[in-house]
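Note that the working numbering has the sequence shown beginning at 368, numbered continuously upward.
Glycine is no exception: its CB is placed at the ideal position from the N, C-alpha and C atoms.
Before any comments, here is the structure.
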Amino acid sequence: MLETREVPIYKNHELDFSRIREFIGIQQEALAFLIDVSPSTLKNRKISVETRTKATPIVKIIHHLWELSGHDENKSRRWLREPKERLLGLTPIEFMQINPKINTPIIEEDLRKQLYGEAMGV
Numbered sequence: 368m369l370e371t372r373e374v375p376i377y378k379n380h381e382l383d384f385s386r387i388r389e390f391i392g393i394q395q396e397a398l399a400f401l402i403d404v405s406p407s408t409l410k411n412r413k414i415s416v417e418t419r420t421k422a423t424p425i426v427k428i429i430h431h432l433w434e435l436s437g438h439d440e441n442k443s444r445r446w447l448r449e450p451k452e453r454l455l456g457l458t459p460i461e462f463m464q465i466n467p468k469i470n471t472p473i474i475e476e477d478l479r480k481q482l483y484g485e486a487m488g489v
């Protein structure tokens, strides 16, 4: 289970999609597309298990960025918005939006490797 301590995407230890949107700096429709749910689903106060499961790759990305940035939300957001050579000059957000089901796990894996090293899970 992901540690929720201090990561600013939770409210009372529950995922808060408005905070996720703010953290990564995208609109509700874009976040819904990345997670593969309807925009109205993100407005629900009670988040279903299915929606939480679909959001897991994005949540992991945020947790990894939170650690890698030294708990700095602005650095994390900047990383998501800066073009990366290894992503063909796209930003991580742009890369994920091309094909979220394939590309979002690629971003999460890249960050996991940066955080924990190549040997973990490879």
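For residue i, which of the options has the nearest alpha-carbon?
| i | options | result |
| --- | --- | --- |
| Ile376 | Arg453, Arg444, Asn470 | Arg444 |
| Leu482 | Thr458, Asp383, His430 | His430 |
| Phe390 | Ile469, Glu476, Met463, Val426 | Val426 |
| Lys480 | Asp403, Ser407, Glu434 | Glu434 |
| Leu447 | Leu455, Met463, Ser407 | Met463 |
| Leu401 | Ile428, Lys451, Asp439 | Ile428 |
| Arg388 | Ser405, Leu409, Asn379, His380 | Leu409 |
| Gln394 | Lys451, Thr418, Ile460, Pro424 | Ile460 |
Could you pull the start and end residues of the alpha helix (DSSP H) that residue i belongs to?
| i | result |
| --- | --- |
| Val426 | 416-435 |
Any idea what DSSP makes of residue i, helix, strand or coil?
| i | result |
| --- | --- |
| Lys413 | coil |
| Glu475 | helix |
| Ile469 | helix |
| Glu449 | coil |
| Gln394 | coil |
| Ser405 | coil |
Return the bridge partner residues of residue i from the DSSP annotation.
| i | result |
| --- | --- |
| Leu454 | Leu454 pairs with nothing; no bridge assigned. |
| Leu382 | Tyr377 |
> Touch check for the region 378-389 and the region 405-422: three-plus C-beta pairs under 8 Å?
Replying inline: yes
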